[in-house]
Structure formats: C-alpha cells, structure tokens
Amino acid sequence: MAEGFGNFTIDGDALWRDIMAQAHYGATRKGGIRRLTLTQEDAQVRAWFEKTCSDLGATVSADSLGIQFARVPGTDESLPPIIIGSHLDTQPTGGKFDGIIGVLGGIAVLRALRETGHRTRHPIEIANWTNEEGSRFAPAMLCSGVFAGVFDEDYALSRTDRDGVRFGDALTQIGAAGPERCGDHPVVAYFELHIEQGPILEAEEKTIGIVTGVQGMRWYEVTVTGADAHAGTTPMSMRRDALQGAIALMAAVQSIALDHGPDAVGTVGLVECRPNSRNVVPGEVFFTAEFRHPDDSVVVAMEMAFRAKAETIIATGLDVAIAQVWDSPAVKFAPDLIAAVRDAAQDLSYPAREIVSGAGHDAAYLARIAPTTMIFVPCAGGLSHNEEESATPGDVAAGANVLLRAVLTADQA
Ligand code: HGY
Ligand code: MN
Ligand code: MN
Ligand code: MN
Numbered sequence: 001m002a003e004g005f006g007n008f009t010i011d012g013d014a015l016w017r018d019i020m021a022q023a024h025y026g027a028t029r030k031g032g033i034r035r036l037t038l039t040q041e042d043a044q045v046r047a048w049f050e051k052t053c054s055d056l057g058a059t060v061s062a063d064s065l066g067i068q069f070a071r072v073p074g075t076d077e078s079l080p081p082i083i084i085g086s087h088l089d090t091q092p093t094g095g096k097f098d099g100i101i102g103v104l105g106g107i108a109v110l111r112a113l114r115e116t117g118h119r120t121r122h123p124i125e126i127a128n129w130t131n132e133e134g135s136r137f138a139p140a141m142l143c144s145g146v147f148a149g150v151f152d153e154d155y156a157l158s159r160t161d162r163d164g165v166r167f168g169d170a171l172t173q174i175g176a177a178g179p180e181r182c183g184d185h186p187v188v189a190y191f192e193l194h195i196e197q198g199p200i201l202e203a204e205e206k207t208i209g210i211v212t213g214v215q216g217m218r219w220y221e222v223t224v225t226g227a228d229a230h231a232g233t234t235p236m237s238m239r240r241d242a243l244q245g246a247i248a249l250m251a252a253v254q255s256i257a258l259d260h261g262p263d264a265v266g267t268v269g270l271v272e273c274r275p276n277s278r279n280v281v282p283g284e285v286f287f288t289a290e291f292r293h294p295d296d297s298v299v300v301a302m303e304m305a306f307r308a309k310a311e312t313i314i315a316t317g318l319d320v321a322i323a324q325v326w327d328s329p330a331v332k333f334a335p336d337l338i339a340a341v342r343d344a345a346q347d348l349s350y351p352a353r354e355i356v357s358g359a360g361h362d363a364a365y366l367a368r369i370a371p372t373t374m375i376f377v378p379c380a381g382g383l384s385h386n387e388e389e390s391a392t393p394g395d396v397a398a399g400a401n402v403l404l405r406a407v408l409t410a411d412q413a
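Numbering (UniProt numbering), first residue to last: 1 to 413.
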C-alpha cells in the first residue's frame, strides 16, 4: 500500500461529468454511443481528450497510429512512465462505459494529483489506444498490438473496413497521427480500469474485480461459395445454396461452444449474404466467427471441430474458406500489480474478487512488454456492446480510487 499517501480520493462527481460529456460525441437516440474508430465522432472525442488533459496540466501527444498520450512529469524524469489507459472508440451500438472509464479514470487520477499537489516519482501518462474494438478494422486491439510489437505498423495501416477504406487513409483523414513511431515509447507499468462487461461482479455484489488475466480468443472470416440461381425455376436438387451451407456452419459455432464446457463462448457477429435478393438462391455468404476460452488448448479444439464441420459442408458441393484473422492467446497479469489492486480494494473496504477477463483489452498486449493489470467494476446486468450498457457513479468512482492507490503503490515500488 502506498505509504504516507494520506486518504485523498478521486473526485467522483468530476469523473461522472466527464463520462457524460464525452458521451455526446456519437450519441445515439437510445442513450448509447456510435463512435467507430477514426470517424469524425472519434476525432471529436480525441479533441475533447486533448483539451481536458491539457487543462489539467498534461502534455498531450499522438504517435504514428494516433495513440494519444497525456503526460504529467514525475519528480524523476529519468524514470519511464506508468501508463493508465484504455480506449475511446466504441462498437456501432456501444455504451457510455466500455473503454471510456479506463481513459477517464486516468484523467481522474491526474485531477487528484493536481488538486493535492502529490508528485509521483514516475511520469504518469494516460493513453487512448486507437482501434481497440476491431469492429471497423479487424483485429481488435490493433494499435496496442503494434505498440507491443505483435503486429507491424504497415499491417495496421493496410487493414480495410467493410467499405474498403484503408486504416492509414482514415487515420490521415482525421489527422490523428503524430510524429512518434508507434512502439518507440517506454512504459514501466500499465493499469487499465474497465467495466466487467459480464454478470459476475453484480451477481456476487462485488464492487471490484481483481483481474488476473484475459482469456484466449481467435477470430475467423468465413466465405461459403455456391452459385446464384433463380429461386423459382431451380430444382432443390440442382442448387448450390451458399446460405444453407452457411447456416449449418454458423449453427456449429454455437453447438461447438456449448460442447466445450461452461467457460467456452462462440459467436457469429457479422453476416453478408450475396446477392441478397429475395428471389435469388444465394451464391455467396461471408460471415465472421470467434471462439474464446481461458485455456488456449480448448480454443484450438473448438477451431478443429469447426474446420471438421466445414469439411462436411464442402462434401455437399459448396466451397468453404476459413481465414483465421486473429489469435490472441490467454494472458496472465503481473502478480505484484494484482496484489496492489487487491490491497487497495481491501484498504478502501470495497468487496472484491479475482476474475479472468472474458473480453479482450489493450492490457492483453501491454502485458507482453510491461507489468500490467486491470481493475473491473460491475455493469448493470453484465450488459455491454449494447446501447443500454450502464454502471453506477459509486462503482466507477470506487474503481478509479482503487486505480489511484494501485498506481501510487507501483510508483513507490
Ligand atoms: O472483443 C472484445 O472483447 C473487445 O471488446 N474488443
Ligand atoms: Mn473495452
Ligand atoms: Mn468493447
Ligand atoms: Mn476490450
């Protein structure tokens, strides 16, 4: 626990005001946020981030992939920074909290340091990672992946969205890139505050999730090819109906996940049927699939079962192409940072429990290059990637207080 730290806490009201302020950028009628990465809405929230952090005395910069860093100096500027971060991009029907409380929780830490005059030894930086969601440009955590050396920069710049727009062109279009090459950036420790995005903390009436790691996950892009044909004149026996093959394969994603035990999940999230005309037998179907599990060997087993199912669809005369577009192995976080979070929750008397993250996070990649951990707070009904995603001011403030204390403990280590 941070010695001589006193008991100053973060300003929960200011943090909640920040959450409501940033929610205007991409606000949807149902109270959520549509703020896909590198869109005008993303540009607006980036400008808000820069102004809010500058007003708190931070120096704000961006690297070659638009990752923003808001930095306040430490008493020893020769030390590498402690980074606190998450993401401000959202799903198409995203909520106000996913990623956002991790960035704004960091801003709340800056505000607390400024208001109390407490100077950390290490510089503190707040990071807004570009393209965490992977909804517009797959894979997820693309830029923290480049930062951690998992992907190279050209791969990221070359990724295209479903309209064929290149990541690099979208980045240029909103002018988000800065002079620093992505990855040429020291970091001594990384903390990420996030909503759980699942039902466990709420169900167990826990305020804090002491996150020990992130489960393994793999993403696929599948194309089933048959032949366009007339819906009225083509006998059933003569059809090569790509949609019927895709339906069987998509159903297998669900059944394979159910077959692999309570901790396995499988999802088909995006489907494109071509030519998508009501009186044409579909000649081609594109869909995405993903499998996740805390144990990587189970993810591999699910992929094998999926590919075996595809063989049975091919045997019916259809073509099936399965491209694995992302493989993010299970991650374990740093024991001493986990302990700092556990101690902070205990000191602040917040009910807490250990938990493995079902969702992917930039922390999964930061953990490859620096001691890393996460802090979860509950969200209503475990709902996320949904416009009705919600959390309470008390829980968000509690998470930010644990973040503050854990960071100060790490700063003195
Ligand atoms: O897919 C995920 O888990 C993350 O929210 N991008
Ligand atoms: Mn997130
Ligand atoms: Mn998300
Ligand atoms: Mn995430």
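Glycine is no exception: its CB is placed at the ideal position from the N, C-alpha and C atoms.
Quantities reported herein were computed from a predicted structural model and do not represent experimental measurements.
Can you pull the DSSP bridge partners for Met217?
Listed as beta-bridge partners of Met217 by DSSP are Arg292 and Ser328.
From Gly266 to Thr75, what does the alpha carbon distance come to, in whole angstroms?
Rounded to the nearest angstrom, the gap between the Cα atoms of Gly266 and Thr75 is 48 Å.
Could you tell me which of Gly32, Leu193, Arg239 and Gly381 sits nearest to Pro92, measuring between CA atoms?
Comparing Cα-Cα distances from Pro92 to each of Gly32, Leu193, Arg239 and Gly381, the minimum goes to Gly32.
Distance, Cα to Cα, Gly283 vs Leu243?
Roughly 8 Å between the two C-alpha positions.
Would you mind reading off the limits of the beta strand (DSSP E) that contains residue 415?
Here the chain covers residues 1 to 413 and nothing more, so residue 415 does not appear.
Taking the alpha-carbon of Asn279 as reference, which of Thr288, Thr234 and Ala315 has the nearest alpha-carbon?
Looking only at Thr288, Thr234 and Ala315, the smallest Cα-Cα distance to Asn279 is reached by Thr234.
If contacts are defined as beta-carbon pairs under 8 Å, then Ala367 and Val331 qualify, I think. What distance do you get, rounded to the angstrom?
Cβ-Cβ separation between Ala367 and Val331: approximately 5 Å, consistent with a contact (criterion under 8 Å).
At a cut-off of 6 Å, would you count Glu196 as near ligand 3, judging by its Cβ distance to the nearest heavy atom?
Glu196 has its CB no nearer than 6 Å to any heavy atom of ligand 3.
CB of Gly99 to nearest heavy atom of ligand 2: below 6 Å?
True, at least one ligand heavy atom lies under 6 Å from that Cβ.
Identify, in the order they occur along the chain, each residue of the same chain with its Cβ nearer than 6 Å to the Cβ of Arg166, setting aside the five sequence neighbours on each side.
Counting only residues of its own chain and dropping the five nearest sequence neighbours on each side, Arg166 has a CB closer than 6 Å to the CB of Thr160.
Between the C-alpha atoms of Gly381 and Glu202, what's the straight-line distance to the nearest angstrom?
Across the structure, Gly381 and Glu202 are spaced so that their CA atoms are roughly 7 Å apart.
Please report the residue range of the alpha helix (DSSP H) in which Glu202 lies.
From DSSP, the alpha helix (DSSP H) with Glu202 extends over Ile200 to Ala203.
Span of the beta strand (DSSP E) holding Gln68?
Counted as a single uninterrupted DSSP element, the beta strand (DSSP E) harbouring Gln68 occupies residues Gln68 to Val72.
Can you give the Cα-Cα distance for Thr120 and His260, rounded to whole angstroms?
Each residue's alpha carbon lies about 47 Å from the other.
Using C-beta distances below 6 Å, list every residue in its chain close to Ile369, excluding the 5 sequence neighbours before and after it, in chain order.
The residues are Ala148.
Can you check whether the CB of Glu221 is closer than 7 Å to the CB of Thr312?
Not closer than 7 Å, so no.
Please write down, chain order preserved, every residue whose beta carbon lies under 6 Å from a heavy atom of ligand 1.
Having a Cβ closer than 6 Å to some heavy atom of ligand 1 are Glu132, Glu133, Gly134, Ala140, Ala359 and Gly360.
Using 8 Å as the Cβ pair cut-off and three pairs as the minimum, do the segment 388 to 400 and the segment 210 to 228 touch?
Flag = no, the segment 388 to 400 and the segment 210 to 228 do not touch.
Identify every residue that forms a DSSP beta bridge with Met374.
Paired residues: Glu192 and Val211.
Close-in-space but distant-in-sequence residues of the same chain around Leu337 (CB under 8 Å, 5 per side omitted)
When the five nearest sequence neighbours on each side are left out, the beta carbons in the same chain lying within less than 8 Å of the beta carbon of Leu337 are those of Ala189, Phe191, Pro371, Thr372, Thr373, Ala406 and Ala410, in order along the chain.
Have a look at the DSSP bridge pairing and note the partners of Arg274.
Note: Arg274 sits in a beta bridge opposite Glu284.
Name the residue from Leu258, Pro262, Gly105 and Gln254 whose alpha carbon lies nearest to the alpha carbon of Val268.
Ranking the options by Cα distance to Val268, first place goes to Gln254.
For Val299, three-class secondary structure by DSSP
Helix, per DSSP.
Exposed or buried, which one is Asn276 when buried takes at least 16 other CB atoms within 10 Å?
So Asn276 counts as exposed.
For a test of the three-state rule: what should DSSP assign to Ala58, helix, strand or coil?
Correct three-state label for Ala58: coil.
Check this for me: beta carbons of Arg181 and Glu125, under 7 Å apart or not?
For Arg181 and Glu125, no; Cβs fall outside 7 Å.
How many angstroms separate the CA atom of Glu290 from the CA atom of His118?
Distance between the alpha carbons of Glu290 and His118 is about 45 Å.
Measuring straight from C-alpha to C-alpha, what distance separates Glu303 and Ala257?
Counting only the Cα atoms, Ala257 lies some 10 Å from Glu303.
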